Amino acid sequence: MDSRHRFGKYKVEREVLDEERLEELTQRKTYSDIHPPLTKQLKESFRCTVPKLKRSLVGSFPVLYWLPKYSVWDYGMPDLISGISVGIMHLPQGMAYALLASVPPVFGLYSSLYPALIYFFFGTSRHISIGTFTILSIMVGGVTEKLAPDEIFLKTNGTNITAEVDITARDLYRVKVAAATTLLGGLIQVFLGLVKFGFVGTYLSEPLVRAYTTAACSSCCGGTAENNLWSFSQTL
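Residues 1 to 236 (full-length UniProt numbering) make up the sequence shown, in order.
Right, dumping it as structure tokens:
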């Protein structure tokens, strides 16, 4: 067979375009469109429209997005069982973390309840159990014990010239110190969130993260050793 019969024939029909039609189809952008001036950028960022307001509200309060779509029949019972399980876990955990923070155990229950309620409105994950943790409790405990040591709450017994710690006054003052510390930390976190400072985490290398995790575990073991040894000595 002749080789020329193996090739097909194509018929091409194209629209003849002028410059204006070409720019319309390709949506060619000028330099000013790609890099608008600063005044135009500020004007666009401060302009408030209904879709933009809706996106801002949903971005700030994700509950407005997922709650209307929540199916009680599909997720109600599993979520109820999960909530009861997590709540039972938070009871002893919160009291233990309160002891690490050198405050009365009842405040550990408060610190386990309110973060979950706040995360309900601002959270984006259904699988996270929000609450305090060991490192934070140890750090707050270090501040409370430094600013409110037992020595400044000694009261003298005039009969036999002995001194004992006024536990009520000490715990009250330590709660105030812990509340002020957590408030300051919360304000710093809100500020960092507003300026979008979370991008720094993308520059942290894996060895640095592993080293921080190892140091955190070591700090947890060292911080809880005192309470564990004290509890063990009381059982002897």
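We put the beta carbon where it would ideally sit given N, CA and C, even for glycine. Remember, it's a predicted structure, so these values are computed and weren't measured experimentally.
Which same chain residues, not among the five before or five after residue i, have their C-beta less than 7 Å away from its C-beta?
i    : result
L147 : V177
L194 : none
H90  : S112, G131
T181 : V140, V143
K52  : none
Within a Cβ cutoff of 6 Å, which residues of the same chain sit near residue i, ignoring the five residues on either side of it in sequence?
i    : result
V103 : R174, V175, A178
L208 : none
Terminal residues of the continuous alpha helix (DSSP H) containing residue i?
i    : result
L172 : 167 to 194
R21  : 19 to 26
G94  : 72 to 100
Since I believe residue j is in contact with residue i (beta carbons under 8 Å), could you give me their beta-carbon distance rounded to a whole number of angstroms?
i    : j    : result
P105 : G131 : Not really, about 15 Å apart at Cβ, beyond 8 Å.
Give every residue of the same chain whose Cβ lies closer than 8 Å to the Cβ of residue i, excluding the five residues on either side of it in the sequence, and list them in chain order.
i    : result
G198 : L192
S71  : none
D166 : F153, L154, K155
Does at least one heavy atom of the ligand COA sit under 6 Å from the Cβ of residue i?
i    : result
L154 : Of the ligands one can find in the structure shown there are none, so the ligand COA has no counterpart to examine.
Taking only beta-carbon positions, decide if residue i is within less than 7 Å of chain B.
i   : result
W73 : Protein chain content of the structure displayed is limited to a single chain, and chain B is not contained in it.
Within the chosen definition, does the region 87 to 102 reach the region 136 to 144 through at least 3 CB pairs nearer than 8 Å? yes
Which ranges would you report for the alpha helix (DSSP H) in the region 40 to 69 if only whole runs of at least 4 residues count? 50 to 60, 63 to 66
Along the chain, which unbroken stretches of the beta strand (DSSP E) at least 3 residues long are found entirely within the region 113 to 167? 154 to 157, 162 to 165
Tell me whether the region 116 to 129 and the region 196 to 215 touch, counting them as touching only if at least three CB pairs, one residue from each stretch, are closer than 8 Å. no
Kindly confirm or deny that the region 42 to 62 and the region 117 to 125 touch, where touching means at least three C-beta pairs closer than 8 Å. yes
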